[in-house]
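Participant:
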Amino acid sequence: MNWIDRLERKYSRFAIKNLTKYLIIGTAFVFVLSLFNDFRYIASLFTLQPSLVMKGQIWRLITFIFVPFVGNFWVIFVLYIFYTFGTALERYWGSFRFNLYYFIGVVAAIAAAFLGEFWGGRVTSEFLYMSVFLAFAYLNPNFELLLFFIIPVKVKYLAWFDIIFTVLSIIFRPETRIIALLSFTSFIVFFGKEVFEQYLSPNIKKLDRKRRRRKFKVIAASVKTPEIIYTCCICGRTSKEHPDLKFAYCFKCGSDYEYCQEHLTNHEHILRH
């Protein structure tokens with residue numbers, strides 16, 4: 067039983083059932099408000115701004131999750147996608163685990179807001195939606211989504227696109243670097259160990275084996291094979307000084323005495339005891 071199982075047994079009664087539905091209703095409400103007022107003004111009332119939170123506007127710690135990160139009617143498409151993925155995850159995991167996954171992301175986003183304020187970064191619900199999408203894509207990589215309600219695309223390809231987008235944001239947009247990094251918190255908490263053991267660890271071990279093989283080859287190449295030098299016990303000539311000369315052992319004298327071809331049959335035998 068892992069730590070998530072223990073938390074679920076103890077706190078499952080506090081889970082919000084159909085969380086995805088409530089998130090969509092709240093976001094739709096803010097979107098409708100923006101239709102009758104300036105969107106920037108409406109968003110400014112709910113977005114997470116640490117300086118205003120410190121002045122007492124604590125509702126911003128939760129209301130920012132309802133602010134659409136896209137304008138116009140693109141929000142309808144985004145909410146449709148989020149509903150599809152969110153409800154699927156909640157059915158697969160159960161309400162508690164989905165709540166835990168989502169709110170870990172919320173806590174990470176709040177931390178990112180307070181850290182990112184020094185760089186002028188702005189926290190939206192974008193990375194929360196992305197974390198839910200990555201979880202769904204990891205569990206259902208071959209699920210086909212109708213992009214723009216027309217083009218069928220497997221979610222694993224869209225997930226890679228999101229990862230690349232996030233990495234580029236980290237590299238080229240310093241103001242969103244902290245936010246982008248912390249957006250993977252939920253995914254790492256839930257799937258980090260599994261991803262490491264299934265994908266990264268085998269590759270690391272493979273690279274380590276290759277490194278050790280290369281090191282062994284270098285060491286083996288640097289080790290010289292010891293040269294065997296034969297010496298005639300009669301005349302003292304050696305195989306190194308006379309490479310064309312043949313040397314052998316006398317079967318009567320034994321293997322302790324070597325002779326050149328001239329003295330092999332012309333010497334006084336040494337009796338073995």
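Mind the numbering: the sequence shown is residues 67 to 339 in our numbering, read in order. Ideal Cβ positions, reconstructed from N, Cα and C, are used throughout, including at glycine.
Considering only residues of the same chain and omitting the five flanking positions on each side of F209, which have a CB-CB separation below 6 Å?
Facilitator: Cβ neighbours of F209 beyond the five flanking positions: V221.
Participant: In whole angstroms, what separates the C-alpha of Y195 from that of S78?
Facilitator: Cα-Cα distance, rounded: 23 Å.
Participant: By Cβ distance, which residues of its chain are closer than 6 Å to F162, with the 5 residues on each side in sequence left out?
Facilitator: Once the five neighbours on either side are set aside, the close Cβ partners of F162 are E74, S78 and A81.
Participant: Can you list, in chain order, the residues of its chain with a C-beta nearer than 8 Å to that of T304? Leave out the 5 residues immediately preceding and following it.
Facilitator: I295, Y296, T297 and C298.
Participant: Counting C-beta neighbours from all protein chains within 10 Å, is the total for A314 16 or more, i.e. buried, or is it exposed?
Facilitator: By the neighbour-count rule (16 or more Cβ atoms within 10 Å), A314 is not buried but exposed.
Participant: Could you tell me if T232 is buried or exposed, where buried requires 16 or more neighbouring beta carbons within 10 angstroms of its beta carbon?
Facilitator: Under this definition T232 is a buried residue.
Participant: In whole angstroms, what separates the C-alpha of T153 from that of Y223?
Facilitator: Roughly 21 Å separates the two Cα atoms.
Participant: Would you mind sorting P218 into buried or exposed? The rule is 16 or more other CB atoms within 10 Å of its CB.
Facilitator: Exposed, since its Cβ has fewer than 16 Cβ neighbours within 10 Å.
Participant: Out of curiosity, what's the CA-to-CA distance linking F105 and L213?
Facilitator: Cα-Cα distance, rounded: 26 Å.
Participant: DSSP state of A286, grouped into three classes?
Facilitator: Bear in mind that the predicted position of A286 carries a pLDDT of just 45, short of 50, making it too unreliable to give a figure here.
Participant: Would you tell me roughly how many angstroms separate the C-alpha atoms of I91 and F199, rounded to the nearest one?
Facilitator: Approximately 19 Å between the Cα atoms of the pair.
Participant: Out of G160, E192 and Y158, which has the shortest C-alpha to C-alpha gap to A174?
Facilitator: For the residues G160, E192 and Y158, the minimum Cα distance to A174 belongs to E192.
Participant: Could you give the C-beta distance for I131 and L89, rounded to a whole number, given that I count them as a contact under 8 Å?
Facilitator: Yes, I131 and L89 are in contact; Cβ-Cβ is about 7 Å, under 8 Å.
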